[in-house]
Each structure stands twice: as C-alpha cells, then as structure tokens.
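Residue numbers (full-length UniProt numbering): 1 to 588.
Set out below in structure tokens:
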C-alpha cells in the first residue's frame, strides 16, 4: 500500500481542526484557516511556531475567540510568532520545569576534598576543560555538558559522579542513566564503566557506579501504549537523586517535558550531547536552544574558586539564565589534527565547503569518495563484510555482533535505506545466504521499529538473526544485554526491518569503524520542506552527524557539488524555548 503523503496528512489535520473551530467561531475560523495549515506543515518539520508579517499578525488579532496571547486559546500569537496552543503550552511548561530543577539547592561542597580529587583525577594533558566542567557541575543541580565525539563527555560525567558521591554526607545517591534510544543507553553505560577504571575511586563508590546500567527514557518512565502515559509523573516521581541523559539532542520537547515532570525536587539533572548533531525527529531542538557560552555570576565564581581557583570560565554580573549551567568540551582526544574524520567534521561545522572537500585528498586512508549503483555498493559491502559472514557461519553471536559495526551504510532518505537493503538482500540470495521464501535469514541485521515493553525491545534496537541456541535447525533474533545476548523467537518479535543500511537519524547514539554516507538517490524535491524531513536532502547537521558516527574511516558516495551544498545548507528549527526560559527566570 502506498503511504499517504505527509502534505495530505497535514491538510487533513488542518481541515479537521478548522471544521472543529467553525462550530463555535465560524467567522474567526475563516480567518485562521490558512494559518492552521501552515502550522501543521511547520509542526511536521519540527518547528513550534511560524513567523508572520505585521499585516498577518494584525489580521489574526481579529480572531479573538481562537487566537490569544497565552495558552488559553487554540492558537497563540506572541508578536509575530504564531503557535498551536498545545505547542506554546509545551514549551512554556518545559521552561517552568527547567527553572524548578535548575534553581534547587545542592549539597555544600567539601572544598578541600573536591580540590584534591580534581587535581588527582584531571592531571593528564588536555583535560582542563573536562576538569572545569566537572567542577562547575558539582555546584549545579541542572547541567549541560556538550562536545563533539572524543571530547570526553562520558569520562567527565564518570568523574563528576565520583565527585558527587565523595561529597555526599549521607547515603550514596540514587542514580539512573538514560538515553532516547537503547543503543545510546547501552553505549553510555559501557563507556562509563570503562571510564571508572581510569581514576582512583573509593571501593564503595566505584562498586556503586559500576552497577549502573543504561535504559531508554521510555523505559525509565514506563510509558505504556496506547495512550503512552507514564507510570512516573509529578504526582508519582521517580525515586532518583541524579539523572544522567546522553544524546540529549535527540529529545523532543514533549518527551523531555514528561521526563522532567517525573523528577522530584532536588534531583540533579546532567545532560550530555552534541548540539551540532541532527535535532530530534519530533518537535523542537532542545539542546541547541539551551546551550550557550559559559558565563558565571559572582556568587558561582566565588563558590567555584574555593576549590578550583584556576578555572577558565568568564565571569559577569549580567550572566544570562542557564549560562552557568553549561560547559562545552572542545578538545577531541579521538580526532586530532592528524585525523581525517576530525578535520572533515570541523570544516563542515565551520561552513568551509572547499576545505571540507580538500580533506578527501589530504587523508586518503581515512576518507574516500565513492560512486556506483545500489547493486554495485552491495557487492563491495559484501566483500568488506567477510569477517562478519565468517562469524555468522560459525554461529558466534558475539563475534558477529562485533563485526556488524565494521561497516555501516547511512542514508539521508528512508527510501534509500530500504532500496539498499533490498539490493544487498538480493545479492545475498545470489550467494545462497538468503532465500525468497522466508523474510528472514541467518546473518540478517535487523532494527526494531515498534516498542515492545514485554520483551524489553524498543524502536531503534539492533539485533541479529542467527541459529537458535535453544531449538535445533531454527533461527532466532539476538539482542545485546548487560551480560551477553538474549534470544527472542522470531515469531514473538515486534515490527522490525532489515538494517544493513539505515538513515542517519536512526544511527544517532552509535559508533562504527567505517561509515558510508549515501546522499539522496534523486535530486531534492523542491517541495521537500512541505513534505517533511522524509524528502529533505543533505544538510550541514545531517552530514556532520553521519561523519561523526565513524571511528576510523568515512566514505562519501557523492560528488563535490553534493558535499558543498550540504555544508552550506543549515536548517534551524523554530523554537521559543530560549525566550520562554528568559521570561520564566525573570519571574519572582
């Protein structure tokens, strides 16, 4: 069945809304009808409002029964920004929750012990930024620690948790690690456990932190279909003292609001992420809206200087809200000046298209340009997957899962990922690894596309189809867990799709040895902005995100014109969260 175009869905939703409004304000509904359709189109593209000119704003002021200045009407008009009432309320309520958590009291710092731990744990070269971030976060109940790949966000938070635990005068704090996807949550937990071996912690604290495991935000809140209402909320808060959330750029405003509402007063919140990555699939661009240069007010500077007088932060008595709650890590310990991936990523972020293109000639071992059809790409990928298929033939799930990350194919469009997966599966049939009878086969990489709370499987989780260890001559799906892999009967799986290739969006929170990035297979649709991200072409954030999924090698399957256009194309989400935060912090 052909899916309904996004524009048709937007039109249907706008039409239904207009019909509903016409029942109690027919004349006003005629005025707002064209704006409602624009709002639903903007919503599909992640924007929380649309901008108007003076004439349009004046026109909408004549529809007072529908358009107001706060969340009490179906539409909200503030200056020349027009919101759906629900979206205005979501951003406003989110700003309130952030203020509640950011203005809570924290335990007084034992400055002598903190100073000693900071000196002992951050003595290596290039760690001053991490040290300053952890020291500042020790004071703050709400903290954003940002940075690109390899800048040490997880290492910093591991040491920060050590600082907080060492500073605790009572029992050790209750801590949860969460992320928007299962892959990101598992990656964070593993990275944190590794980081704990890199510095000297008291045995009790180290054991406490080693027991932490990552989970999805959905699982933490116990969101249940069909209404997706959480088991934890402001009336039944999570039993937590500290919450660490990785890959915060992937959070949309609705999910983040549910999460923050479920946190008790005084719970510390630590967000980790890269504000230059793709924003959430849903509405908003939370991390980029919150992040700003670090500026300390006089009080925070005085407190921090008590145990870290050499900190490198700016101080001002006119510091904006949350400027003392942000620290950006800029020194990459993975991608230095001799890294092709690092140099390419930095050129893309800087908008230097010609410099970005030049890196492919400068670093031929790290960067490659490719061309060819899906069929030709499939043949080449199969050759690079030799170690993977050998592990599959041995029935070694752990070894196969490890080699599945040797090379991954990322696409800008979902339909291109589907087309590549089909081409690769067709080639596997010619190699007698797949057949046309069953929709699954040994060695198939799959991605869950629908949450299943009973099986503890979530949208975006990656698994392998392999011979069953429980039933001879039968295939089963295997998914990584803390102590190995769990086997799930294929008949019990929720909806899944083949995932030798996936979209860049789906890859967030993961790392791979080699990444292939495929630009859109046809020129970008001129109406793609109206159609939504599904038909949008390459842009700066998507290109940067794809590049930074690679650890060792990046292959761009396109030409110079496509790369240059992507570097220069920046799409900024329309969100009022920053302004709303400024407003709520001015309130008494």
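No residue lacks a Cβ here, since even glycine has one placed at the ideal position from N, Cα and C. The structure displayed is predicted, hence computed values, not measured ones.
If we ignore side chains and look at the alpha-carbon of each, how far apart do residue i and residue j end up?
| i | j | result |
| --- | --- | --- |
| residue 353 | residue 287 | 25 Å |
| residue 571 | residue 98 | 25 Å |
| residue 481 | residue 187 | 11 Å |
| residue 339 | residue 476 | 40 Å |
| residue 556 | residue 272 | 28 Å |
| residue 496 | residue 114 | 48 Å |
| residue 543 | residue 566 | 7 Å |
| residue 518 | residue 190 | 29 Å |
| residue 375 | residue 511 | 25 Å |
| residue 101 | residue 42 | 30 Å |
| residue 56 | residue 573 | 21 Å |
| residue 193 | residue 156 | 12 Å |
| residue 418 | residue 509 | 21 Å |
| residue 89 | residue 174 | 31 Å |
| residue 185 | residue 116 | 31 Å |
| residue 172 | residue 65 | 54 Å |
| residue 108 | residue 548 | 38 Å |
| residue 527 | residue 370 | Residue placement at residue 527 is poorly supported in this model, since its pLDDT is 41, which falls under 50; the coordinates still yield a value, given next. If you take the alpha carbons of residue 527 and residue 370, they lie about 28 Å apart. |
| residue 262 | residue 256 | 10 Å |
| residue 79 | residue 71 | 15 Å |
| residue 436 | residue 46 | 39 Å |
| residue 613 | residue 270 | Because the chain in this structure spans residues 1 to 588, residue 613 falls outside the shown range and cannot be described. |
| residue 356 | residue 329 | 22 Å |
| residue 147 | residue 385 | 32 Å |
| residue 515 | residue 29 | 50 Å |
| residue 587 | residue 135 | 29 Å |
| residue 428 | residue 484 | 28 Å |
| residue 561 | residue 541 | 17 Å |
| residue 289 | residue 575 | 8 Å |
| residue 421 | residue 513 | 19 Å |
| residue 605 | residue 584 | Here the chain covers residues 1 to 588 and nothing more, so residue 605 does not appear. |
| residue 500 | residue 151 | 29 Å |
| residue 551 | residue 20 | 52 Å |
| residue 473 | residue 213 | 34 Å |
| residue 534 | residue 506 | Interpretation of residue 534 is limited by its pLDDT of 42, a score under 50 that renders its predicted location unreliable; no figure is taken from the coordinates. |
Applying the 10 Å Cβ sphere with the 16-neighbour rule, what's the burial state of residue i?
| i | result |
| --- | --- |
| residue 183 | buried |
| residue 244 | buried |
| residue 459 | buried |
| residue 162 | buried |
| residue 577 | buried |
| residue 346 | buried |
| residue 580 | buried |
| residue 26 | exposed |
| residue 461 | buried |
| residue 502 | buried |
| residue 387 | exposed |
| residue 126 | exposed |
| residue 122 | buried |
| residue 247 | buried |
| residue 373 | exposed |
| residue 92 | buried |
| residue 24 | exposed |
| residue 293 | exposed |
| residue 203 | exposed |
| residue 416 | buried |
| residue 423 | buried |
Between residue i and residue j, which are expected to be in contact by the criterion C-beta below 8 Å, what is the C-beta distance as a whole number of angstroms?
| i | j | result |
| --- | --- | --- |
| residue 249 | residue 275 | 6 Å |
| residue 283 | residue 48 | 6 Å |
| residue 118 | residue 131 | 6 Å |
| residue 336 | residue 412 | The Cβ separation is near 28 Å, so there is no contact. |
| residue 457 | residue 448 | 5 Å |
| residue 82 | residue 39 | 7 Å |
| residue 139 | residue 300 | 6 Å |
| residue 176 | residue 240 | 6 Å |
Would you check whether the ligand NAD has a heavy atom nearer than 6 Å to the C-beta of residue i?
| i | result |
| --- | --- |
| residue 396 | This structure does not include the ligand NAD; it has no bound ligands of any sort. |
In terms of residues, what are the limits of the alpha helix (DSSP H) holding residue i?
| i | result |
| --- | --- |
| residue 341 | 340-349 |
| residue 155 | 153-167 |
| residue 254 | 253-261 |
| residue 425 | 414-430 |
| residue 40 | 26-44 |
| residue 397 | 397-403 |
| residue 374 | 374-384 |
| residue 564 | 560-568 |
What is the residue span of the beta strand (DSSP E) that residue i lies within?
| i | result |
| --- | --- |
| residue 516 | 512-518 |
| residue 599 | With the chain represented from 1 up to 588, any question about residue 599 goes unanswered, as that position is not in the structure. |
| residue 574 | No beta strand (DSSP E) holds residue 574; DSSP gives it neither H nor E. |
Per the contact definition of three or more C-beta pairs closer than 8 Å, is the segment 392-411 in contact with the segment 357-376? no
Contact between the segment 455-473 and the segment 381-401 (3+ Cβ pairs under 8 Å): yes
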